[in-house]
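As structure tokens, the structure follows; a few thoughts come after it.
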Amino acid sequence: MAGLAATFGSGAMTNSIQEFDDAEAFFVIGSNTTEQHPMIASRIIQAVRQKEAKLIVADPREIKLAKLATLHLKHKMGSDVALLNGLMHVILKEGWEDKEFIKDRTENFEPLKAVVAKYTPERVAEITGVDKDSLRKASEIYAKAKRSMIIYAMGITQHVAGTDNVKSCANLAMLTGHVGYPSTGVNPLRGQNNVQGACDMGALPNVYSGYQSVTDPKIREVFEKEWGVNDLNDKAGLTLTEMIDAAERGDIKALYVMGENPVVSDPDARHVSRALRKLDLLVVQDIFLTETARLAHVVLPAASFAEKMGTFTNTERRVQLSRQAIAPLGGTLPDWKIICEISSRVGYPMNYDSPIEILDEINRVTPSYAGITYSRLKGSWGLSWPCPNEDHPGTLFLHKDQFARGLGAFDAREYIPPAEVPDEEYPFTLITGRVGFQFHTGTMTRKISILEREAPNAVLEMNSKDARRLRVIDGSIVAVESRRGELHLPVQIKQDIPESVVFSTFHYSEKNINELTICAIDPVAKIPEFSCAVSIRRV
Amino acid sequence: MSQTLVVCPFCGCGCSFYLEEKEGRAVGVTPSREHPVSQGSLCVKGWRAYEFINRPERLKSPMIRDGGIVRDATWDEAFDLVSRKLISIKKEYGSGALAFLSSAKLTNEENYVFMKMARAAFKTNNIDHCARL
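These protein sequences, in sequence, are chains A and B. Residues 26 to 564 (my numbering) are what the first sequence spells out, left to right. Residues 63 to 195 (my numbering) are what the second sequence spells out, left to right.
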């Protein structure tokens with residue numbers, strides 16, 4: 026998000042999901058789309074099969090989409106910036122860039138040119154393992170198609186170089202003029218049903234709703250007036266990973282967690298539980314007794330999504346109304362009511378009758394949501410922001426005619442290696458992710474019978490050559506060890522994974538892979554890297 | 063039996079479907095044919111999204127840790143304890159000692175009031191959620 030905000034002026038998907046149908050070329054990097062975003066993957070598959078769209082997949086693993094791809098670039102883990110710079114190198118050398126777009130709509134082009142000049146196909150092949158013919162072919166497909174889309178997910182952002190990776194994607198799109206038109210742009214896929222909305226609403230340490238900065242006195246004044254207070258804090262707060270570190274140090278004494286399970290979802294899990302145990306007060310509000318709730322001093326039982334009304338914003342910025350289907354389960358309360366009660370009891374009364382009244386307030390203080398009112402949502406399939414007034418139809422694709430920040434800003438980045446690379450002691454790279462049958466920490470999906478039948482336990486996916494070397498077969502138990510922890514997992518031999526790389530998921534708290542992962546942080550976006558070096562031995 | 067249009071609780075695609083209710087319980091899912099994202103289809107998770115709602119493991123009462131023991135409590139007791147402790151920690155260590163973790167699973171309205179509470183009631187910007195994970 027930080028990377029796209031810096032280059033384009035807005036951190037969200039530039040296009041709507043329906044526009045995927047008419048793209049001519051897809052460049053999918055760091056997204057296992059069929060598993061994580063199945064309904065978006067099916068659009069890509071349809072466009073490739075029925076409309077002969079070209080598909081380039083850049084992923085170390087032979088993911089399902091790669092089997093359908095025009096071209097699969099198996100670049101090495103963490104070598105994304107080098108690969109993207111290599112593509113730009115070829116494009117500039119061949120004269121495939123969009124000179125008019127660069128001149129009229131962007132700035133800082135010269136420094137980019139200087140940096141990518143150093144990424145010759147030979148050097149890129151050395152860093153990434155992608156040969157120069159494939160690099161050239163990929164550059165040609167992406168640059169020459171009229172409507173090209175870059176699609177990425179956590180495979181791009183969860184690196185110490187995550188912001189660099191995102192900026193490099195943005196650079197590539199601007200270089201070829203592939204942004205600001207229908208079915209043409211840069212599309213980060215968000216992993217949770219309301220991760221876009223939680224960001225939009227200012228559940229972030231540096232902004233109020235609508236990405237309005239807490240350090241801007243004029244903005245603070247607007248919120249002070251609406252909220253009837255006069256001393257809002259003018260300094261950005263701590264990010265999640267910083268909060269955990271501060272709790273470990275004893276600087277954070279109370280943590281109120283609502284609908285999250287950091288003990289399982291966060292890297293270096295033992296560090297997380299150690300930090301949470303030091304708190305004077307841990308409040309956890311959830312629908313199930315999660316691993317995090319087990320550590321809490323107070324657990325507050327919340328109503329589920331079906332038991333309340335409210336709006337969610339999907340990955341394409343579409344704000345939709347979800348209606349109440351059943352009464353809250355006996356003993357539970359909707360999250361918004363719990364918050365209002367606590368706020369009132371600490372001396373800041375909140376007296377909303379319903380989420381509709383809260384949405385009214387959001388409309389008043391959030392310019393991009395000003396026209397997304399309850400009465401309009403009630404009779405529609407939703408509205409995509411920015412939607413500045415009640416007559417505005419919403420915005421399907423961003424940056425038409427000009428970027429949200431005015432000119433698009435090229436920001437040339439250099440390749441840096443991952444925080445932890447394999448060595449003699451820990452010779453494998455561990456990648457973590459999800460499978461299509463489970464979701465995140467499994468709090469919900471592990472209680473669904475058919476999903477448990479299909480994907481009942483954690484496995485370690487491994488290439489057959491590595492398996493042979495380690496003398497293990499499908500189902501053998503191995504000890505996987507990193508500098509932070511050790512876990513015993515059954516082996517699953519897979520042909521789609523390269524040698525010296527292993528894959529596992531974080532759905533299973535009884536085998537919490539995040540006890541092994543690393544919390545090395547991207548310095549800008551503060552996103553942890555997760556993937557790390559491990560050793561594997563037979564037990 | 064009634065059918066209510068809801069947004070799927072899982073990934074970011076934003077599919078909608080009709081949640082089927084029978085005698086106060088969620089019992090099934092019907093895709094929405096006209097919905098611009100789902101267009102009448104759903105993934106394997108969406109089709110079964112009703113199943114976890116009425117599971118017996120759902121939390122039904124606030125709980126409080128008393129020494130080493132965790133016991134059920136009334137809402138009034140839980141509200142009272144949380145608000146008293148938050149106030150006393152703020153008084154003793156300042157608002158910087160408080161932190162709030164919101165959720166990518168909750169509604170916009172809930173995220174908004176949660177961040178409003180952190181900022182207006184406790185005067186801290188220590189609020190985040192798992193967008194980075």
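The C-beta atom is built at its ideal place from N, Cα and C for all residues, glycine as well.
Under the three-state reduction of DSSP output, A:Cys194 falls in the helix class. At a cut-off of 8 Å, the C-beta of B:Lys107 has a neighbouring C-beta in chain A.
Any Cβ of chain A closer than 8 Å to the Cβ of B:Lys153 would place that residue at the interface, and such an atom is absent.
The C-alpha of B:Glu171 is placed about 18 Å away from the C-alpha of B:Asn187. Spanning the alpha carbons of A:Met38 and A:Leu476 requires a straight line of approximately 29 Å. As a beta-bridge residue in DSSP terms, B:Ser78 pairs with B:Val69. If you compare the alpha carbons of A:Asp491, A:Val141, A:Ala327 and A:Ile88 with that of A:Phe313, the shortest gap goes to A:Ala327. Contact between A:Gly467 and A:Tyr533 holds: CB atoms are separated by about 6 Å, below the 8 Å threshold. Between the stretch 175 to 192 of chain A and the stretch 301 to 321 of chain A there are fewer than three inter-stretch CB-CB distances shorter than 8 Å, so the stretches are not counted as touching. Contact annotation: A:Glu341 and A:Ile42 have beta-carbon atoms nearer than 8 Å. A:Met283 has A:Gln310 as its beta-bridge partners, per DSSP. Assignment of beta-bridge partners to A:Ile552 by DSSP yields no partner.
Taking a beta-carbon distance threshold of 8 Å, A:Gln71 does not count as an interface residue toward chain B. Among the residues of chain A, none has a CB under 9 Å from the CB of B:Thr136; the nearest is roughly 10 Å distant. At a cut-off of 8 Å between beta-carbon atoms, A:Met283 makes contact with chain B. With a cutoff of 8 Å on beta-carbon distance, A:Asn218 and A:Asn339 are scored as near each other. Under DSSP, B:Asp134 shares a beta bridge with B:Met125.
In the structure shown, B:Asp190 adopts extended strand secondary structure according to DSSP, grouped into three states. Straight through space, the alpha carbons of A:Ile175 and A:Leu80 are spaced by roughly 10 Å. Here A:Lys162 is near A:Leu96, since their CB atoms are less than 8 Å apart. A:Val324 and B:Glu139 have their alpha carbons spaced roughly 12 Å apart. Nearest neighbour of A:Ala279 by Cα position, chosen from B:Tyr174, B:Asn173, B:Val175 and B:Leu163, turns out to be B:Leu163. According to the DSSP secondary-structure assignment, A:Phe52 is paired through a beta bridge with A:Ile81 and A:Ile175. A:Phe33 sits in coil when the DSSP states are folded into three classes, being neither helix nor strand.
Within chain B, Ile151, Tyr155 and Ala159 have C-beta atoms less than 7 Å from the C-beta of A:Lys278, given in sequence order.
Between A:Ala30 and B:Ile115, the C-beta gap is not smaller than 8 Å, which leaves the two residues out of contact. When C-alpha distances from A:Val549 are compared across A:Ala434, A:Ile383 and A:Asn231, the shortest belongs to A:Asn231. Straight-line measurement puts the Cα of A:Lys99 at about 29 Å from the Cα of A:Gly510.
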